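Residue numbers (the numbering used here): 24 to 268.
We put the CB at the ideal spot given by N, CA and C, even for glycine.
Since this is a predicted model, take the numbers as computed values, not measurements.
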């Protein structure tokens, strides 16, 4: 793990988990550098989430002269959510959260999300709303959003959109969440239950610069994702109902 000039109590801590993203790292760091020039009160925590390519080495090399960054190397990939949580554990910001390394959404969107919140830093949950997506993916997301909204009786649109940012008071509860992609759903539900103000803003969602999706690879992969998500959703909903009864 490497640390350089991490802010003592940054305004925003942004975690970016990276798994086999060697082809995207250089562009990712360029966009991150621009983000931090525009708003130096950000800290960015890159998590090399058990990559088997040169992602970790590239992150170490290319962040040497980028103040306010931290690189965390995990020996193995124990899930998307686990990588994010390992980064969040080291965060210092009043607002904390994550985005993706694949550049389908821009790290600069985190700054746009912060600006959308205005002067409010307490009890807020900020999340993008993806635009310019393929019709099939949009329909899939819309269907999942309806199912989850009905199950949890709250508005859960575009659950896996990025960035995801929230007030630090929610952090300890988020760290209790799942180690897979269900962390996005979990964070939205607990933020809603805590009465956090939901702030959504549009983000462009473009093609990957390099590599391929880690889950959205085929109809079978989507079905597996649905099965895992619904299994977790039912368990979380049951726990939620029990707590309210």
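{"Check": "Taking 8 Å as the cut-off, does the region 95 to 113 touch the region 68 to 76 (at least 3 CB pairs, one atom from each stretch)?", "Outcome": "yes"}
{"Check": "Spell out the partners DSSP gives residue 204 in its beta bridges.", "Outcome": "Answer by DSSP bridge pairing: none, since residue 204 is not bridged."}
{"Check": "How big is the Cα-Cα spacing for residue 38 and residue 58?", "Outcome": "13 Å"}
{"Check": "If I follow the unbroken alpha helix (DSSP H) through residue 171, where does it start and stop?", "Outcome": "158 to 175"}
{"Check": "Using 10 angstroms around the beta-carbon of residue 186, count the other beta-carbons present and answer buried if the total reaches 16, otherwise exposed.", "Outcome": "buried"}
{"Check": "Is residue 18 near residue 189, with beta carbons less than 8 Å apart?", "Outcome": "Given a span of 24 to 268 for the chain in the structure shown, any question on residue 18 remains unanswerable."}
{"Check": "Per DSSP, residue 120 forms a beta bridge with which residues?", "Outcome": "37, 188"}
{"Check": "Using only the alpha-carbon positions, how far apart do residue 50 and residue 178 sit?", "Outcome": "34 Å"}
{"Check": "Report buried or exposed for residue 151, applying the criterion of at least 16 other Cβ atoms within 10 angstroms of its Cβ.", "Outcome": "buried"}
{"Check": "Compare the C-alpha of residue 132 against each of 265, 35, 78 and name the closest.", "Outcome": "35"}
{"Check": "If you run the structure through DSSP and keep just helix, strand and coil, what is residue 138?", "Outcome": "helix"}
{"Check": "Is the separation between the beta-carbon of residue 180 and that of residue 168 shorter than 8 Å?", "Outcome": "yes"}
{"Check": "Taking the C-alpha atoms as reference points, what is the distance between residue 56 and residue 147?", "Outcome": "26 Å"}
{"Check": "Terminal residues of the continuous alpha helix (DSSP H) containing residue 110?", "Outcome": "103 to 111"}
{"Check": "Counting Cβ pairs closer than 8 Å, one from the region 201 to 209 and one from the region 255 to 265, do we hit at least three?", "Outcome": "yes"}
{"Check": "Please report the residue range of the alpha helix (DSSP H) in which residue 50 lies.", "Outcome": "48 to 61"}
{"Check": "Am I right that residue 79 and residue 96 are in contact with their C-beta atoms under 8 Å? What's the rounded C-beta distance?", "Outcome": "5 Å"}
{"Check": "Verify whether the separation of the beta carbon atoms of residue 7 and residue 197 is less than 8 Å.", "Outcome": "Since the first and last residues shown for the chain are 24 and 268, residue 7 lies out of range."}
{"Check": "Just how far apart, CA to CA, sit residue 249 and residue 200?", "Outcome": "18 Å"}
{"Check": "What do you reckon, is the C-beta of residue 97 under 7 Å from a heavy atom of the ligand COA?", "Outcome": "What this structure holds is no ligand at all, so the ligand COA is not there to describe."}
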